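Student: I'd like to ask you about the structure that follows.
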Amino acid sequence: MKQFALSNLGNVPDQVKAVVESTETDSISLAQLRFRYPWELLWGNISKDNVCVAGDAFHPMTPDLGQGACSALEDSVVLARCLAEAFSKKPKNKAEEKEEEEEEFRRIKMGLEKYAKERRYRGIDLITSSYLVGVIQQSDGKMLNFLRDKMSALLAGVLVNKADFDCGKLSMS
């Protein structure tokens, strides 16, 4: 595994190679990158009953945007906000408390459905953008290379805007 990692590092500084060489073998892991087709998010279920997906399970993407961890944090803020809104109502009397378990399930389901609705198109945007940037960056084609080189300032601006996402406000009550 260590030799495989070293052989795939490419042209990196010697310090990077030294880190891999000194790393214990049982601390090195290998996982393939996964690409999810955008239409899987468009037509697929993100939540069902009181379960939903978030982070890489929701929007796995190649590292070309550098947005993976950021989008997982976005998910957590939006999910927390949606669930907090769903649980903001409390039962008023004993009769309502008896029905609380069914009501709690219904509120969780509503919160997760709201989260899925809010995050669906952001996920589609991120995985599609990440894939396209990877294709452009790794292209051997003359036309894509020409476009990449001549339009790099425009592409950089588009990519920087991907990080500008408003997750909404979390109330501290």
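Following the UniProt record's numbering, the numbering of the sequence shown begins with 1 at its first residue and continues without gaps. Ideal placement from N, C-alpha and C gives every residue a C-beta, glycine not left out. Note that this is a predicted model, so its numbers are computed, not measured.
Quick one: using the 10 Å Cβ neighbour count with 16 as the cut-off for buried, is ALA86 buried or exposed?
Tutor: For the purposes of this step, residue 86 is taken as the residue at position 86 of the sequence shown. Classification of ALA86: buried, given that the 10 Å Cβ count is 16 or more.
Student: Which value, in whole angstroms, describes the spacing of the CA atoms of ASP140 and ASN161?
Tutor: For the purposes of this step, residue 140 is taken as the residue at position 140 of the sequence shown. For the purposes of this step, residue 161 is taken as the residue at position 161 of the sequence shown. Spanning the alpha carbons of ASP140 and ASN161 requires a straight line of approximately 27 angstroms.
Student: So, helix, strand or coil for VAL53, using DSSP?
Tutor: Counting from one through the sequence shown, the residue named residue 53 turns up at place 53. It is coil, neither helix nor strand.
Student: Can you grab the Cα-Cα spacing for the pair residue 229 / ASP56, in whole Å?
Tutor: Past the edges of the chain, shown from 1 to 173, lies residue 229, and the structure says nothing about it.
Student: Starting from CYS167 and walking both ways along the alpha helix (DSSP H), at which residues does that stretch end?
Tutor: On the sequence shown, position 167 is the one that residue 167 refers to. Here CYS167 belongs to no alpha helix (DSSP H), and DSSP marks it neither H nor E.
Student: DSSP state of LEU139, grouped into three classes?
Tutor: Mapped onto the sequence shown, residue 139 falls at position 139. Here residue 139 turns out to be Ser, not Leu, going by the sequence shown. Note: SER139 maps to coil in three-state DSSP.
Student: Are the Cβ atoms of LEU9 and VAL20 separated by less than 8 angstroms?
Tutor: As a working mapping, residue 9 is identified with position 9 in the sequence shown. As a working mapping, residue 20 is identified with position 20 in the sequence shown. Their beta carbons are under 8 angstroms apart, which means LEU9 touches VAL20 by this criterion.
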